[in-house]
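Counting the sequence shown from 1 gives a position; this note's numbering is that position plus 1034. Each residue gets a CB set at the ideal place from its N, CA and C atoms; glycine is no exception. As the structure is a computational prediction, the values presented were derived from the model and not from experiment.
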Amino acid sequence: MNLTVIGTGYVGLVSGACFAEMGNRVTCVDVDTKKIENLKKGIIPIYEPGLEPMVARNIENKTLFFSTDLKESLRKCEVAFIAVGTPMGEDGSADLKYVLQVAREIGEHMVAPLIVVDKSTVPVGTADKVTAAMREVLDARGVDFSFHVVSNPEFLKEGDAINDFMKPDRVVVGSDDAEATEKMRSLYAPFFRSSMDRLITMDVRSAEMTKYVANAMLATKISFMNEVANICELVGADVNKVRIGIGSDSRIGYSFIYPGSGYGGSCFPKDVKALIKTAAQHGYTAELIGAVEDVNDRQKLVVAQKVVDRFGEDLSGLTFAIWGLAFKPQTDDMREAPSIYIIKELVKRGAQIQAYDPKAMDEARHFYLKDVPKVAYFDSKYETLKGADAMILLTEWKEFRSPDFEELKAQLNAPIIFDGRNQYNDGKLRQMGFEYYQIGKQS
Ligand code: UGA
């Protein structure tokens, strides 16, 4: 099929590359000329395992193209995906200005019947707004090409996006038109080798809602476990054991119940807020989902509080080695990363920071911690330790999982670890003489 993907962010780029990989002819369009020029050369603006070679391969195979010319790309297009950002508006609702702008541009340039797919995470009712925006422009042009707006939310995880797209747990297609549904079914058929059961079709509004509910449910699991972790500490239980104890019940399951320093990233915080806002706009107070957000805000500072409990309110003259800045491993994404909040809290109290992350240091240095003083960046995890009063682990990158603890002891001023991701065996560390602080278990 001939496809256009508008917006070359995470979702757009991964979707475009994966559709091309399946033999479609895909043009990815963006207004950012520099970005498009780089993409044409195979230069990817984000770190996502497997994406770069896939893009390069498909550029070479002439299945993947990059352009700033939406009009040209729509000339032979059958399905156009809107994958532009929906940033959080000041009031917490999703800001649809880019989505609706693209809808109007599609209306301006389309020259044949078209399926328009909302791939961005958009609130319930957006497909209707996209339809109205396109209709208005087509009417003004005095043309009447048929089109259908479909909701096809994306469920990919950063760091594992290619896998998620190529072997999806499920694909949700929301459409109020049978023909459009069939077209989407044939587009996705190659991704389901054994059975098409995992292609779930429904009406547009339910599909739009599904995306928010999936993210809010996952965020709820995390906040629930973080709250449980805090209670475990108080009552002398070990959340790591409790987690295994409850996860073994297949109705609960093991996934997404790891306590830590709170969820971050570009999706959960934004989508949880937007769902609360949508409910409020309809006169409903989403109490549980609101609490998920509050618990998460509090959880982001738990590690900083542990440091203060150990060293006192005034941290001046102290240095902390931070291992991990990204909001999770396998990404350079720092959006809403707990590390930002924790580092700011420590610096505010006078501490000096020595940080290392395998991928996110540029993001931190140039954007997220740009205005935070007293943060120095190092090229390796062991270098950060020299002269530091404690190590604080904030992202569970594989290279942090089994470090040389003797080296840690040798480099740190004192053998103290604050573990915001519960990565280590506390018994072993204590035997080696470490003071070890983790989430959800008394030290
Ligand atoms: C999330 C969803 O998992 C995807 O399904 C969804 O498509 C995506 O948002 C989106 O809306 O685009 P992502 O933001 O990439 O994906 O990250 P996750 O792997 O879900 O992790 C989110 C946060 O939860 C991270 O900060 C992670 O550290 C935290 N987390 C996750 C926990 O604290 N505990 C857990 O058990 C699991």
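- The ligand UGA never approaches T1312 closely enough for any of its heavy atoms to be under 8 Å from the residue's Cβ.
- Contact between V1145 and V1164 does not hold, since their C-beta atoms are separated by about 18 Å, which reaches or exceeds 8 Å.
- DSSP places I1323 within a helical segment (H, G or I) once states are collapsed to three.
- Residues G1208 of the same chain have their beta carbon placed closer than 8 Å to that of S1240, with the five preceding and five following residues left out of the count.
- In this structure L1130 is buried. Its beta-carbon is surrounded by 16 or more other beta-carbon atoms within 10 angstroms.
- Within the model, the alpha-carbon separation for S1477 versus L1252 is close to 28 Å.
- Shown here, H1143 sits in a helix according to DSSP, grouped into three states.
- Judged by the Cβ position, N1249 qualifies as a neighbour of the ligand UGA at the 8 Å threshold, a heavy atom of the ligand being closer than this.
- Its Cα nearest to that of D1438, the residue S1414 stands out among G1384, D1423 and S1414.
- Using a Cβ distance threshold of 9 Å, K1153 and V1039 count as a contacting pair.
- For N1095, the closest of M1122, C1062 and G1057 by C-alpha to C-alpha distance is G1057.
- Checking the DSSP bridge columns, you'll see N1036 partnered with R1059.
- Annotated three-state conformation of S1101 is strand, per DSSP.
- The ligand UGA has a heavy atom closer than 8 Å to the beta-carbon of S1289.
- Between R1455 and G1358, the C-beta gap is smaller than 9 Å, which places the two residues in contact.
- Using a cutoff of 8 Å, the CB of G1050 does not count as near the ligand UGA, since none of the ligand's heavy atoms is closer than that.
- For the stretch 1396–1459, the continuous alpha helix (DSSP H) assignments of 4+ residues that do not extend past its boundaries occur at 1439–1445, in sequence order.
- A Cβ-Cβ contact shorter than 9 Å links Y1297 with N1330.
- Distance between S1282 and T1429, taken at the CA atoms: about 25 Å.
- Within its own chain, the residues whose Cβ lies closer than 7 Å to the Cβ of K1420, once the five positions on either side in sequence are excluded, are Q1445, listed in chain order.
- In this structure, D1305 has its beta carbon less than 8 Å from a heavy atom of the ligand UGA.
- Under DSSP, V1184 forms a beta bridge with V1151.
- Apart from the 5 residues on each side of it in sequence, I1450 sits with its Cβ closer than 6 Å to the Cβ of A1424 and E1469 in its chain, given in chain order.
- Between the stretch 1383–1393 and the stretch 1302–1309 there are fewer than three C-beta pairs closer than 8 Å, too few to call the two in contact.
- For S1300, the distance from the CB to the nearest heavy atom of the ligand UGA is below 8 Å.
- Q1364 has no beta-bridge partner at all, per DSSP.
- Look at Y1458: its beta carbon is at least 8 Å from all of the heavy atoms in the ligand UGA.
- Per DSSP, T1215 is one residue of the alpha helix (DSSP H) stretching across A1212 to Y1222.
- Taken through DSSP and simplified to helix, strand or coil, F1115 comes out as strand.
- At least 9 Å separates the beta-carbon of H1143 from that of K1110.
- When Cβ pairs closer than 8 Å are counted between the two stretches, the stretch 1345–1354 is seen not to touch the stretch 1194–1209, the count staying below three.
- Per the C-alpha coordinates, the member of C1062, L1148 and G1159 positioned closest to V1118 is C1062.
- Collapsing the DSSP output to three states places F1189 in coil.
- For T1160, the shortest separation between its Cβ and any heavy atom of the ligand UGA does not lie below 8 Å.
- Counting only residues of its own chain and dropping the five nearest sequence neighbours on each side, K1378 has a CB closer than 7 Å to the CB of V1406.
- Taking C-beta separations shorter than 6 Å and ignoring five residues to either side along the sequence, the partners of E1082 in its chain run A1195, following chain order.
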